[in-house]
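J.:
Residue numbers (my numbering): 4 to 437.
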């Protein structure tokens, strides 16, 4: 027989073993929870699409809980109503009809308090809402945890079972932590969506402003052409007629004739300047013949007088775009040619326009002095920076991308790409730019 000391020693050893076993179980559970949290975090990390976050988050939670029934309800702030956004193992009828006000039912109370609730058997829970729906689904054990972002409850996550007493308090703690992760991800996705919509509204407003600006340019150009330009043409013709009359009548007043010729010359000069202004405001050829013809005309009229040789290549079949799109692209070309004139000191320039089924692109290069792109700012005093910023802005409004490549002493290349969708194609324009 064991003496009292041996019995006491044996009991102490057993107690120590139980303590170690309990500590081991706790450590194992703690490790399991950390792995679960890490798994959910990794699954939703970087996601900005709300539906993806909700679906992937719920899938991971059900896998962790070895469950098949659950769903996520989001809170509609104006109506203070919770409704299912994603769910598994629940009927469509249940998900559609289980709409709860804050403080209504188990999920509503969780949304109100921001605290999780564990129910052993929700079908017999007096605080539950819509027992008829719950019973028809055969739901028993039920956990509801809040989805929080800072101090705001954005919704709740529910996990259920068809068996009672299925979940533990440790499960509640784990789901609570996962709920906080999902809440933060949901808030980030919503912020990203609000930012995307704000940018889209800004882009639309800016494009509307550009359209309005182009319309105003077109109106002024038309008025200058119809009124000022026509009047100058009429004056020039009248002066020509007066000179002919003087010559036929034998008028020998040299001073008068010289004066008339000087006025005629000035009139012709002003008429040319007005025509140039009209072309810069809005070239008529852009509307009548299209982008290729307008680019070719503008490039030759600006560069050839400066003895800058310009070549132009068009690849693919020209496509007519809506007027605002063609105007935006033309302004980019106009700005690039303006930079060549003002800054490049080039001898040669080339323009390439490429029409592909899904993309339009342009490339404008010169062999001038170039510049250090890394030192360029949007507000450079020379104006080059502002011009490039305007280019990026216009192309960006069309959903495209653009850039500039340059090195000191090695010339400059400006490029832009615009995606072509069915909403942007206007009509085919074959051969008008040739």
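Every residue gets a Cβ at the ideal spot worked out from N, C-alpha and C, and that includes glycine.
Are there 16 or more other CB atoms within 10 angstroms of the CB of residue 414, so buried, or fewer, so exposed?
T.: Residue mapping note: residue 414 aligns to position 411 of the chain shown, counting from 1. It counts as buried.
J.: Excluding the 5 residues preceding and the 5 following residue 56 in the sequence, name in chain order all residues of the same chain whose CB lies nearer than 8 Å to its CB.
T.: Numbered from 1 along the chain shown, position 53 holds the residue referred to as residue 56. Correct list, in chain order: 47, 50, 185, 188, 189 and 192.
J.: Taking the alpha-carbon of residue 177 as reference, which of 326, 65, 285 and 378 has the nearest alpha-carbon?
T.: By one-based count along the chain shown, residue 177 stands at place 174. Comparing Cα-Cα distances from residue 177 to each of 326, 65, 285 and 378, the minimum goes to 65.
J.: Might you give, ordered along the chain, the residues of its own chain that have their beta carbon closer than 6 Å to the beta carbon of residue 124, omitting 5 neighbours on each side?
T.: Here residue 124 refers to the residue found at position 121 when the chain shown is read from its first residue. Excluding sequence neighbours, residue 124 sits near 143 and 167.
J.: Can you tell me the Cα-Cα spacing of residue 436 and residue 158, whole angstroms?
T.: Taking the first residue of the chain shown as position 1, residue 436 is located at position 433. Taking the first residue of the chain shown as position 1, residue 158 is located at position 155. Here residue 436 scores only 44 on pLDDT, less than 50, and its place in the model should not be relied on; the value that follows carries that caveat. When rounded, the distance between both Cα atoms is 59 Å.
J.: If you pair each beta-carbon of the stretch 306-314 with each one of the stretch 343-362, do three or more pairs fall below 8 Å?
T.: yes
J.: If you count every other CB in all the chains shown that lies within 10 Å of the CB of residue 207, and 16 or more means buried, which is it?
T.: As a first step, residue 207 must be located in the chain shown, where it is residue number 204. By the neighbour-count rule (16 or more Cβ atoms within 10 Å), residue 207 is not buried but exposed.
J.: Output the boundary residues of the beta strand (DSSP E) element that contains residue 76.
T.: The residue given as residue 76 occupies position 73 in the chain shown. It spans 72-79 - the beta strand (DSSP E) in which residue 76 sits, taken as one unbroken run.
J.: Could you spell out the range, first to last residue, of the beta strand (DSSP E) harbouring residue 404?
T.: Working through the chain shown from its first residue, we reach residue 404 at position 401. Per DSSP, the continuous beta strand (DSSP E) segment holding residue 404 begins and ends at 404-409.
J.: Between residue 109 and residue 126, which are expected to be in contact by the criterion C-beta below 8 Å, what is the C-beta distance as a whole number of angstroms?
T.: Reading the chain shown from its first residue, position 106 is the one you call residue 109. Reading the chain shown from its first residue, position 123 is the one you call residue 126. Residue 109 to residue 126, Cβ: 12 Å. No contact.
J.: Between which two residues does the alpha helix (DSSP H) carrying residue 207 extend?
T.: Taking the chain shown and counting its residues from 1, the one referred to as residue 207 is at position 204. 172-226 is the span of the alpha helix (DSSP H), which, as asked, contains residue 207.
J.: Check whether the Cβ atoms of residue 90 and residue 74 lie closer than 7 Å to each other.
T.: For the purposes of this step, residue 90 is taken as the residue at position 87 of the chain shown. For the purposes of this step, residue 74 is taken as the residue at position 71 of the chain shown. Going by C-beta atoms, residue 90 is nearer than 7 Å to residue 74.
J.: Quick test of your reading: residue 160 and residue 175, contact by CB under 8 Å. State the CB separation rounded to the nearest angstrom.
T.: Position 157 of the chain shown, counted from the first residue, corresponds to residue 160. Position 172 of the chain shown, counted from the first residue, corresponds to residue 175. Actually they do not touch by this definition, with Cβ atoms about 11 Å apart.
J.: Within 10 Å of its beta-carbon, does residue 81 have 16 or more other beta-carbons around it, so buried, or fewer, so exposed?
T.: Position 78 of the chain shown, counted from the start, is the residue given in the question as residue 81. Exposed is the call here.
J.: Can you grab the Cα-Cα spacing for the pair residue 209 / residue 171, in whole Å?
T.: Here the question's residue 209 lines up with position 206 in the chain shown. Here the question's residue 171 lines up with position 168 in the chain shown. Whole-angstrom Cα-Cα distance: 56 Å.
J.: Quick one: what's got a C-beta closer than 6 Å to residue 119's C-beta in the same chain, skipping five residues either side?
T.: The sequence position of residue 119 within the chain shown is 116, counting from 1. Closer than 6 Å at the Cβ level, and outside the excluded window around residue 119, lie 148, 175 and 179.
J.: Is residue 266 near residue 232, with beta carbons less than 7 Å apart?
T.: As a first step, residue 266 is located in the chain shown; it is residue number 263 there, counting from the start. As a first step, residue 232 is located in the chain shown; it is residue number 229 there, counting from the start. No, Cβ-Cβ distance for residue 266 and residue 232 is not below 7 Å.
J.: The alpha helix (DSSP H) with residue 258 in it runs from where to where?
T.: By one-based count along the chain shown, residue 258 stands at place 255. Looking at the DSSP string, the run of the alpha helix (DSSP H) that includes residue 258 is 257-284.
J.: If we count the other Cβ atoms within 10 Å of its Cβ and call it buried at 16 or more, is residue 411 buried or exposed?
T.: Residue numbering aside, residue 411 sits at position 408 when the chain shown is read from its first letter. Exposed is the call here.
J.: Between the C-alpha atoms of residue 357 and residue 218, what's the straight-line distance to the nearest angstrom?
T.: One-based indexing of the chain shown puts residue 357 at position 354. One-based indexing of the chain shown puts residue 218 at position 215. Distance between the alpha carbons of residue 357 and residue 218 is about 27 Å.
J.: How many whole angstroms separate the CB atoms of residue 336 and residue 298, which I take to be in contact at a CB cut-off of 8 Å?
T.: Within the chain shown, residue 336 is the residue found at index 333, counting from 1. Within the chain shown, residue 298 is the residue found at index 295, counting from 1. Right, their Cβ atoms sit about 5 Å apart.
J.: From what residue to what residue does the beta strand (DSSP E) around residue 88 run?
T.: For the purposes of this step, residue 88 is identified with residue 85 of the chain shown, where counting begins at 1. Residue 88 -> beta strand (DSSP E) spans 84-91.
J.: Should residue 72 and residue 163 be called a contact, given that it needs their Cβ atoms to be closer than 7 Å?
T.: Counting from 1 along the chain shown, the entry for residue 72 is found at position 69. Counting from 1 along the chain shown, the entry for residue 163 is found at position 160. Contact: yes.
J.: Using 7 Å as the threshold, is the C-beta distance between residue 114 and residue 105 below it?
T.: For this step, residue 114 is matched to residue 111 along the chain shown. For this step, residue 105 is matched to residue 102 along the chain shown. Contact flag set, yes.
J.: Return helix, strand or coil for residue 128, following the three-state DSSP convention.
T.: For this step, residue 128 is matched to residue 125 along the chain shown. Correct three-state label for residue 128: coil.
J.: Going by other Cβ atoms of all chains shown within 10 Å of its Cβ, with 16 needed for buried, is residue 248 buried or exposed?
T.: For this step, residue 248 is matched to residue 245 along the chain shown. Counting C-beta atoms within 10 angstroms of its own C-beta, residue 248 has fewer than 16 neighbours from the protein chains shown and is therefore classed as exposed.
J.: Helix, strand or coil for residue 54 per DSSP?
T.: The residue you call residue 54 lines up with position 51 of the chain shown. It is helical.
J.: How would you write the range of the beta strand (DSSP E) that residue 155 sits in, first residue to last?
T.: Here residue 155 corresponds to residue number 152 of the chain shown, with the count starting at 1. Taken as a continuous stretch (DSSP letters only), the beta strand (DSSP E) holding residue 155 covers 155-163.
J.: Might you give, ordered along the chain, the residues of its own chain that have their beta carbon closer than 7 Å to the beta carbon of residue 366, omitting 5 neighbours on each side?
T.: Stepping through the chain shown from its first residue, residue 366 is reached at position 363. Answer for residue 366: 355, 416 and 418, listed in chain order.
J.: So what does residue 121 bridge to, in DSSP terms?
T.: On the chain shown, residue 121 is found 118 positions in, with the first residue counted as 1. DSSP lists 146 as partners of residue 121.
J.: Would you identify the three-state DSSP class for residue 420, choosing helix, strand or coil?
T.: In the chain shown, counting from the first residue as 1, residue 420 sits at position 417. Correct three-state label for residue 420: strand.
J.: To the nearest angstrom, report how far apart residue 135 and residue 94 are at their CA atoms.
T.: As a working note, residue 135 is residue 132 in the chain shown. As a working note, residue 94 is residue 91 in the chain shown. Rounded to whole angstroms, residue 135 to residue 94 spans 13 Å at the Cα level.
J.: With a threshold of 16 other CB atoms inside 10 Å of the CB of residue 196, please say whether the residue is buried or exposed.
T.: On the chain shown, position 193 is the one that residue 196 refers to. Answer is exposed; the Cβ neighbour count stays below 16.
J.: Leaving out the 5 sequence neighbours to the left and right, which residues in its chain are closer than 7 Å to residue 422 when beta-carbon positions are compared?
T.: To locate residue 422, count along the chain shown from 1; it is residue 419. For residue 422, where only same-chain residues beyond five positions count, the Cβ hits under 7 Å are 361, 362, 402 and 403.
J.: Tell me which residue opens and which closes the alpha helix (DSSP H) that residue 250 is part of.
T.: For the purposes of this step, residue 250 is taken as residue 247 along the chain shown, with counting starting at 1. In the DSSP annotation of this structure, the continuous segment of the alpha helix (DSSP H) that includes residue 250 starts and ends at 233-252.
J.: Looking at the structure shown, is residue 391 part of a helix, part of a strand, or coil, going by DSSP?
T.: Here the question's residue 391 lines up with position 388 in the chain shown. Three-state result, residue 391: helix.
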